[in-house]
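Reminder that position 136 of the sequence shown reads as 136 in UniProt numbering, one-by-one numbering, no gaps.
Beneath this line is the structure, given in structure tokens, with notes to follow.
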Amino acid sequence: QEVAVKVLHPGVRERIEMDLDVFRACAGLLEAAPFLRWLSLGESVEEFAGLMRLQLDLRLEANHLDRFSTNFSGSRQVSFPRPVRPLVSDGVLVESFEGGEPIATHLTGEDGVVKRRLARIGVDAFLKMCFLDNFVHGDMHPGNMLVSGGGADDLRLVLLDAGITTELSDRDKENFVLLFSAIVKGD
Numbered sequence: 001q002e003v004a005v006k007v008l009h010p011g012v013r014e015r016i017e018m019d020l021d022v023f024r025a026c027a028g029l030l031e032a033a034p035f036l037r038w039l040s041l042g043e044s045v046e047e048f049a050g051l052m053r054l055q056l057d058l059r060l061e062a063n064h065l066d067r068f069s070t071n072f073s074g075s076r077q078v079s080f081p082r083p084v085r086p087l088v089s090d091g092v093l094v095e096s097f098e099g100g101e102p103i104a105t106h107l108t109g110e111d112g113v114v115k116r117r118l119a120r121i122g123v124d125a126f127l128k129m130c131f132l133d134n135f136v137h138g139d140m141h142p143g144n145m146l147v148s149g150g151g152a153d154d155l156r157l158v159l160l161d162a163g164i165t166t167e168l169s170d171r172d173k174e175n176f177v178l179l180f181s182a183i184v185k186g187d
């Protein structure tokens with residue numbers, strides 16, 4: 001079985017903590033200005049710090065990949081790498097190698113049918129994550145998406161890097177419904 005291996009570099013945890021200390025210091029300085037307090041920069045830095053720390057345990061990412069694979073097990077159009085256990089630790093993630101081309105190669109070409117099909121697959125996957133599964137990939141950008149398959153009728157979107165995920169509150173879901181309704185209506 002071909003695999004992909006993700007390894008945290010030695011010392012990365014310490015470097016990230018040092019960077020976060022710099023962010024905290026900057027936020028503290030900026031919050032000293034009364035007209036900037038409304039930004040709650042210190043809170044934002046701590047929220048960001050929490051997200052960064054979560055990404056430093058690759059066992060959590062493996063669990064996310066398992067959950068996404070289960071959630072999309074009935075889909076032929078969306079897939080995720082599968083962790084290879086017991087080769088997963090806090091600093092090493094071994095997962096199935098997923099072949100494909102970067103999605104960007106399909107977005108710059110002339111084939112409008114493929115572009116529309118990929119857009120539909122991506123939007124459907126995102127909506128499923130938000131409204132059916134309430135477990136959302138938090139880093140869906142072209143660098144984390146591969147395309148495999150043949151022509152427009154046989155495309156599969158492979159989503160990589162599931163280190164950041166979120167679950168939506170009822171209020172968040174309501175806001176998404178309002179947003180998508182406005183988009184559909186052209187408001």
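Just so you know, even glycine gets a beta-carbon here, dropped at the ideal spot from N, CA and C.
Among all the DSSP beta bridges, which residues are the ones paired with residue i?
i, result
"V92", "V7"
"H137", "T165"
"V158", "S79 and L146"
Would DSSP call residue i helix, strand or coil?
i, result
"M145", "strand"
"T165", "strand"
"P102", "strand"
"D19", "helix"
"E47", "helix"
"P34", "helix"
"F180", "helix"
"F72", "coil"
"V84", "coil"
"E61", "helix"
"E2", "coil"
"L127", "helix"
"L118", "helix"
"D187", "coil"
"D111", "coil"
"G28", "helix"
"G42", "helix"
"L56", "coil"
Just to confirm before moving on: does the CB-CB distance between residue i and residue j stay below 8 Å?
i, j, result
"F126", "M145", "no"
"I121", "L87", "no"
"R24", "E31", "no"
"N134", "E167", "yes"
"V45", "A27", "yes"
"L157", "V147", "yes"
"E95", "V113", "no"
"L51", "L60", "no"
"A49", "L20", "yes"
"G138", "T165", "yes"
Is it buried or exposed for residue i, if we count other Cβ within 10 angstroms and need 16 for buried?
i, result
"residue 215", "Here the chain has residues from 1 to 187 only, and residue 215 is not among them."
"V12", "exposed"
"M18", "exposed"
"P102", "exposed"
"A162", "buried"
"F80", "buried"
"F68", "buried"
Am I right that residue i and residue j are in contact with their C-beta atoms under 8 Å? What's the rounded C-beta distance?
i, j, result
"V4", "F97", "Just to set this straight, residue 4 is Ala in the shown sequence, not Val. Indeed they touch by this definition, with Cβ atoms about 5 Å apart."
"S89", "L58", "7 Å"
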